[in-house]
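In this note's numbering, the protein residues as written are 2 to 184. Note that CB positions come from ideal geometry on N, CA and C, so glycine has one too. The structure displayed is predicted, hence computed values, not measured ones. One structure is given below, encoded as structure tokens.
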Ligand code: ZN
């Protein structure tokens, strides 16, 4: 089922997600619906906050993107990305690794707005999957960026918070327009 994506101004986007305590049928259905919603909107990631539910849960799939490479390591070994997508990350924790690197970012909750965002180049992730199993991996490239962007959502942090002051200022009229359109 395709869910409605909430846009900037909706209070869920500024809410820290509650931990998912039980991975039951309801959570599995939500993960499936979030994936449907992400694909329908050509996104590479979607957090529960973006469908109005402040939970520690997000979905990611970078495999349709061809022009921005990603690297994935499991147990220190490089593994094929496609085999491991999509990712459903429940109650994730992350460690930021590597040098800061700038890259273009958008967000389904900010239609029409994008900017260069600086983030550490790689990330180590621990989370639960949809079966409740613990998963651990390291990521670089677009996948690292997507994980960090979605992890931010789970804390109520948005990519506009990470824009350079110049970009933020230049985009402020559009951001404000979006914010004020939410009733
Ligand atoms: Zn986003």
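When you compare only the Cα positions, how much space is there between residue i and residue j?
i, j, result
"residue 117", "residue 162", "12 Å"
"residue 172", "residue 40", "27 Å"
"residue 133", "residue 80", "22 Å"
"residue 164", "residue 170", "9 Å"
"residue 142", "residue 27", "32 Å"
"residue 166", "residue 57", "29 Å"
"residue 183", "residue 176", "12 Å"
"residue 145", "residue 113", "22 Å"
"residue 62", "residue 181", "31 Å"
"residue 92", "residue 20", "6 Å"
"residue 135", "residue 6", "28 Å"
"residue 54", "residue 34", "13 Å"
"residue 168", "residue 104", "13 Å"
"residue 76", "residue 83", "17 Å"
"residue 153", "residue 98", "16 Å"
"residue 86", "residue 22", "24 Å"
"residue 66", "residue 24", "29 Å"
"residue 73", "residue 94", "16 Å"
"residue 149", "residue 115", "16 Å"
"residue 174", "residue 18", "28 Å"
Measuring CB to CB, does residue i end up less than 7 Å from residue j?
i, j, result
"residue 96", "residue 120", "no"
"residue 52", "residue 4", "yes"
"residue 151", "residue 122", "no"
"residue 29", "residue 131", "yes"
"residue 90", "residue 59", "yes"
"residue 147", "residue 44", "no"
"residue 8", "residue 110", "yes"
"residue 155", "residue 48", "yes"
"residue 106", "residue 160", "yes"
"residue 157", "residue 16", "yes"
I need the boundaries of the alpha helix (DSSP H) containing residue i, first residue and last residue.
i, result
"residue 115", "Careful: residue 115 lies outside any alpha helix (DSSP H), inside the beta strand (DSSP E) at 115–129."
"residue 147", "143–155"
"residue 24", "No alpha helix (DSSP H) holds residue 24; DSSP gives it neither H nor E."
"residue 172", "166–181"
Based on Cα-Cα distance, which residue from the options lies nearest to residue i?
i, options, result
"residue 88", "23, 70 and 128", "128"
"residue 139", "174, 71 and 158", "71"
"residue 108", "23, 179, 75 and 34", "179"
"residue 42", "174, 137, 98 and 2", "2"
"residue 11", "18, 50, 25 and 22", "50"
"residue 78", "137, 115 and 94", "137"
- Start-end ranges of the beta strand (DSSP E) lying completely within the region 42–87, minimum 3 residues: 46–48, 58–61 and 71–75
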